[in-house]
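K.L.:
Have a look at this one before I ask anything.
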Amino acid sequence: MTQMTAPEFENIPRHVAVVMDGNNRWAKRRHLPGVAGHRAGVKAVRNVIEQAARLEVEVLTLFAFSSENWKRPQDEVNALMQLFLRALQKEVKKLHKHNIRLLIMGDISGFSETLQEHIHIAQDLTLNNTGLTLVIAANYGGRWDMSHAAKCIAREVKEGKIDPEEIDEDLFSRYTCLNEFPEPDLCIRTGGELRISNFMLWQFAYAELVFSDALWPDFNETHFWSALEQYNSRTRRFGRTDEQLKEDV
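Quick note: the numbering used here has the sequence shown finishing at residue 592, numbered continuously throughout.
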């Protein structure tokens, strides 16, 4: 099969975040169990990683398992944990080979000891890679992120390390997840739903949002390129006027 050539984009977002939605609906339409949709979605994960790396996106963050997903049927949760473990065991060497750094964002203490061990092994293996940074959000929620940051700041105030008067947006940001990376420029959500579902609430302050009707297992390079085209069609003002933006050119 001939590989499609990506269009030329004037602006490539430094950080792309993706809410991978629609696995269960994809499976249901095929009269398959929900986990079949999650397995099918692995191909789409590989595809979007490849496209992001090829276009020199700096950070790609994928929302894999939210802190609310524990409420799903136990057999589905168990299958997801096994799928996550197998992906860590099977895919990490490929990521390392392609100079991709892997980070897991979220409260990993909620996972089994075996899964936590493989998370640490994967992160350590790819730590010094200098290409794309791939972030997998697992047992993550935006409200958890902010409450965790507040707890850390409160602890340091109590210990006398921070003066409460020093607390501002910049200081708070330093205690949130992915604080060492640029904030997301673009958030893509698949599956046709029009919400961000408690994903990176603090970091999305000025992110461009693109919603795709494609269910995640069907999401391919043309869908990704379409999202980038929409991103390039927009004017990012960051609170300023069009006239001010023209003055900066």
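Here a beta-carbon is modelled for each residue, glycine too, at the ideal position from N, C-alpha and C.
None of these values were measured; they are calculated from a predicted model.
DSSP state of Thr-565, grouped into three classes?
P.N.:
If DSSP states are grouped into helix, strand and coil, Thr-565 belongs with the helices.
K.L.:
Provide the residue span of the beta strand (DSSP E) that contains Phe-408, from first to last.
P.N.:
Per DSSP, Phe-408 belongs to the beta strand (DSSP E) from 402-409.
K.L.:
Tell me Phe-554's beta-bridge partners as DSSP assigns them.
P.N.:
Phe-554 pairs with Arg-532.
K.L.:
With H, G and I counted as helix, E and B as strand and the rest as coil, what does DSSP make of Ala-476?
P.N.:
In the sequence as presented, Ala is not what sits at residue 476; that position holds Thr. DSSP places Thr-476 in strand when its eight states are reduced to three.
K.L.:
Under 8 Å between the Cβ atoms of Leu-445 and Gln-466?
P.N.:
Contact flag set, yes.
K.L.:
For Asp-556, which residues from the same chain have a beta carbon less than 6 Å from its beta carbon, with the 5 sequence-adjacent residues on both sides left out?
P.N.:
Correct list, in chain order: Gly-535.
K.L.:
Ends of the beta strand (DSSP E) at Leu-521?
P.N.:
Looking at the DSSP string, Leu-521 is not in any beta strand (DSSP E), and its letter there is neither H nor E.
K.L.:
Could you check which residue in Thr-404, Met-363, Gly-384 has the C-alpha nearest to that of Ile-443?
P.N.:
When only C-alpha atoms are compared, the closest one is Thr-404.
K.L.:
Just mark Gly-453 as buried or exposed, buried being the case when its beta carbon has 16 or more other beta carbons within 10 Å.
P.N.:
With fewer than 16 other Cβ atoms within 10 Å, it is exposed.
K.L.:
Is it buried or exposed, Ser-410, if we count other Cβ atoms within 10 angstroms and call 16 or more buried?
P.N.:
Ser-410 is buried by the Cβ-count criterion.
K.L.:
Can you have a look at Thr-345 and say buried or exposed, based on whether 16 or more other CB atoms are within 10 angstroms of its CB?
P.N.:
Since pLDDT at Thr-345 reaches only 47, below the 50 mark, its modelled position is unreliable, and the value read off the structure follows with that caveat. Answer is exposed; the Cβ neighbour count stays below 16.
K.L.:
If you draw a straight line from the alpha carbon of Tyr-549 to that of Cys-520, how long is it in whole angstroms?
P.N.:
C-alpha separation (whole angstroms): 17 Å.
K.L.:
Throw me the rounded Cβ distance for the Trp-559 and Asp-488 pair, which I believe falls under 8 Å.
P.N.:
Rounded, the Cβ-Cβ distance is 23 Å, inconsistent with contact.
K.L.:
May I ask you to report which of helix, strand or coil DSSP gives Met-314?
P.N.:
The requested residue 314 does not occur in the structure, where the chain is confined to residues 344 to 592.
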